[in-house]
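Protein chains: 2
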Amino acid sequence: MPRQVDPAGFGFLVADLARLIRADIDRRIEAAGIGVTPGEARVLVYIARYGKARQNVLAERIGLEAMTLSCYLDRLERQGLVQRSPDPSDRRAKLAELTPEAELVLDEIVRIGHEVRQLARGDLSEEEWLRLHAQLKAIRQHFSGE
Amino acid sequence: MPRQVDPAGFGFLVADLARLIRADIDRRIEAAGIGVTPGEARVLVYIARYGKARQNVLAERIGLEAMTLSCYLDRLERQGLVQRSPDPSDRRAKLAELTPEAELVLDEIVRIGHEVRQLARGDLSEEEWLRLHAQLKAIRQHFSGE
DNA sequence: GGAAATAGTAAGCATTACTTACTATCCAAT
DNA sequence: ATTGGATAGTAAGTAATGCTTACTATTTCC
């Protein structure tokens with residue numbers, strides 16, 4: 012008894028896309044032989060982009076809870092890709108930064124990012140691609156702005 | 012030491028979006044008092060859309076592994092929303108279908124889907140919205156078609 | 001000086017989804 | 001007719017992502 016339901020609803024579509032892209036990234040990371048998950052890669056990218064910072068600031072920027080980030084940093088620190096140091100201006104706080112070893116991994120991540128972007132973009136024109144990007148960012152705002 | 016890295020890469024953007032939308036859907040489901048997760052809702056929607064079907068067919072349609080679907084169906088069956096019955100034409104196979112109780116839940120899911128769509132869409136025109144949808148579907152193809 | 005806020009973490013859990021290995025059954029070729 | 005390979009479903013285990021709640025150590029503000 013089919014029914015008036017659309018399984019291609021926007022939420023499902025985005026969720027599907029995210030799952031497929033993550034699987035694809037996973038495969039590429041596997042192939043590249045760098046031992047980080049997509050989530051860890053994201054943290055590395057943010058640190059690389061903004062530089063040494065306090066964990067709470069970093070968590071805010073990435074959009075994660077402090078605790079969630081703490082776990083990621085634990086793993087990245089164990090892998091020798093991130094270093095935590097006490098913040099001299101606040102003994103509660105810690106600063107997170109990349110280690111020199113992270114550079115190689117980051118190079119791979121950037122490369123993979125480009126590949127994925129290329130695959131996603133397909134034959135969209137630069138203009139279409141930028142508009143799509145802007146629209147998705149706007150939508151993200153709708154859901155994160157509360 | 013900032014670096015030439017874009018933390019708004021397409022993959023991250025989509026992943027973020029998926030996470031935020033799922034959290035939003037979670038909140039709405041919570042508020043609606045129906046006890047299903049977004050993943051379970053997805054399964055219900057697919058069954059509603061295509062009707063009674065074998066599990067392997069259903070898994071294929073949703074894009075899940077047979078085992079993953081099996082777990083979902085276990086939970087949905089326990090909640091009394093789905094019913095499994097032997098396929099008369101193949102004793103290995105089982106057919107999954109919705110129970111009458113699922114109708115109420117499905118109504119809520121459809122309503123939530125509309126709300127989410129509205130929130131996502133914002134002030135995009137019908138034309139822009141349809142184009143965005145089509146572009147995302149095309150991109151999904153790029154990643155699922157392999 | 002003391003109350004309230006803040007930074008980080010320990011612990012535990014939920015969701016989503018996978019792989020590998022197994023059983024039961026079906027089908028096709030000998 | 002039988003047997004060997006494919007197929008349908010599931011048991012069991014694992015992994016990634018991310019959350020909440022509760023705690024400790026500080027800092028800051030009154």
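Heads up: the protein sequence lines correspond to chains A and B, in order. Our numbering applies: residue 12 is where the first sequence begins, and numbers increase by one. Our numbering applies: residue 12 is where the second sequence begins, and numbers increase by one. In this text, a Cβ means the ideal position worked out from N, Cα and C, and glycines have one as well. Just so it is clear, the structure is predicted and the values come from calculations on it, not from any experiment.
Check your understanding: How about residue 81/B: is its C-beta nearer than 7 Å to some C-beta of chain A?
Key -> Here residue 81/B corresponds to residue number 70 of the second sequence, with the count starting at 1. Chain A contact via Cβ: absent.
Check your understanding: For chain B, is any of its Cβ atoms less than 7 Å away from the one on residue 77/A?
Key -> For the purposes of this step, residue 77/A is taken as the residue at position 66 of the first sequence. Answer no: the Cβ-Cβ gap between residue 77/A and chain B never drops below 7 Å.
Exercise for review: Starting from the beta carbon of residue 35/A, find every residue of chain B whose beta carbon is closer than 8 Å, and list them in chain order.
Suggested key: Indexing the first sequence from 1 puts residue 35/A at position 24. Within chain B, the residues near residue 35/A are 154.
Practice item. List the DSSP bridge partners of residue 105/A. Key: On the first sequence, residue 105/A is found 94 positions in, with the first residue counted as 1. According to DSSP, which records beta bridges pairwise, residue 105/A is partnered with 97/A.
Check your understanding: Does the beta-carbon distance from residue 133/A to residue 112/A come in below 7 Å?
Key -> Looking up residue 133/A in the first sequence gives position 122. Looking up residue 112/A in the first sequence gives position 101. In this structure, residue 112/A does not lie closer than 7 Å to residue 133/A by Cβ.
Practice item. Identify which residue in 74/A, 93/A, 37/A, 36/A has its Cα closest to the Cα of residue 63/A. Key: In the first sequence, counting from the first residue as 1, residue 63/A sits at position 52. Of the candidates 74/A, 93/A, 37/A, 36/A, 93/A places its Cα closest to the Cα of residue 63/A.
Exercise for review: Report the neighbours of residue 28/A on chain B: residues whose CB is nearer than 8 Å to its CB, in chain order.
Suggested key: Here residue 28/A corresponds to residue number 17 of the first sequence, with the count starting at 1. Correct list: 25, 29, 147, 150, 151, 154.
Review point. Would the region 29 to 43 of chain A and the region 45 to 65 of chain B be scored as touching if the rule is three or more Cβ pairs under 8 Å?
Key: Counting Cβ pairs under 8 Å, fewer than three are found: no touch.
Exercise for review: Starting from residue 79/B, trace the alpha helix (DSSP H) both ways and give me its first and last residue.
Suggested key: Within the second sequence, numbered from 1, the residue matching residue 79/B stands at position 68. Element bounds for residue 79/B: 77 to 89.
Practice item. Give the residues of chain A in contact with residue 133/B, contact being defined as C-beta atoms less than 8 Å apart. Key: Along the second sequence, one-based indexing puts residue 133/B at 122. What residue 133/B touches in chain A: 149, 150, 153.
Review point. Over what stretch of residues does the alpha helix (DSSP H) that includes residue 112/B continue unbroken?
Key: For the purposes of this step, residue 112/B is taken as the residue at position 101 of the second sequence. Note, residue 112/B: premise wrong, no alpha helix (DSSP H); not H, not E.
Review point. Which one of 44/B, 27/B, 72/B, 89/B has the shortest CA to CA distance from residue 53/B?
Key: For this step, residue 53/B is matched to residue 42 along the second sequence. Of the listed residues, the one whose Cα sits closest to residue 53/B is 72/B.
Review point. By Cβ distance, which residues of its chain are closer than 8 Å to residue 131/A, with the 5 residues on each side in sequence left out?
Key: The count along the first sequence starts at 1 and reaches residue 131/A at position 120. 32, listed in sequence order.
Check your understanding: Using the C-alpha atoms, what's the distance from residue 34/A back to residue 157/B?
Key -> For the purposes of this step, residue 157/B is identified with residue 146 of the second sequence, where counting begins at 1. For the purposes of this step, residue 34/A is identified with residue 23 of the first sequence, where counting begins at 1. Unreliable positioning characterises residue 157/B in this predicted model, as indicated by a pLDDT of 45, which lies under 50. The coordinate reading is nonetheless provided below. About 11 Å.
Practice item. Express the C-alpha separation of residue 21/B and residue 89/A in angstroms, rounding to a whole number. Key: What you label residue 89/A is simply residue 78 of the first sequence in a count that begins at 1. What you label residue 21/B is simply residue 10 of the second sequence in a count that begins at 1. Each residue's CA atom was taken as its position, placing residue 89/A and residue 21/B some 28 Å apart.
**Study point:** Nearest neighbour of residue 57/A, chosen from 135/A, 27/A, 80/A [CA to CA]
**Key:** As a first step, residue 57/A is located in the first sequence; it is residue number 46 there, counting from the start. Ranking 135/A, 27/A, 80/A by Cα distance to residue 57/A puts 80/A first.
**Study point:** Contacts of residue 53/A in chain B (Cβ-Cβ under 7 Å)
**Key:** For the purposes of this step, residue 53/A is taken as residue 42 along the first sequence, with counting starting at 1. What residue 53/A touches in chain B: 23.
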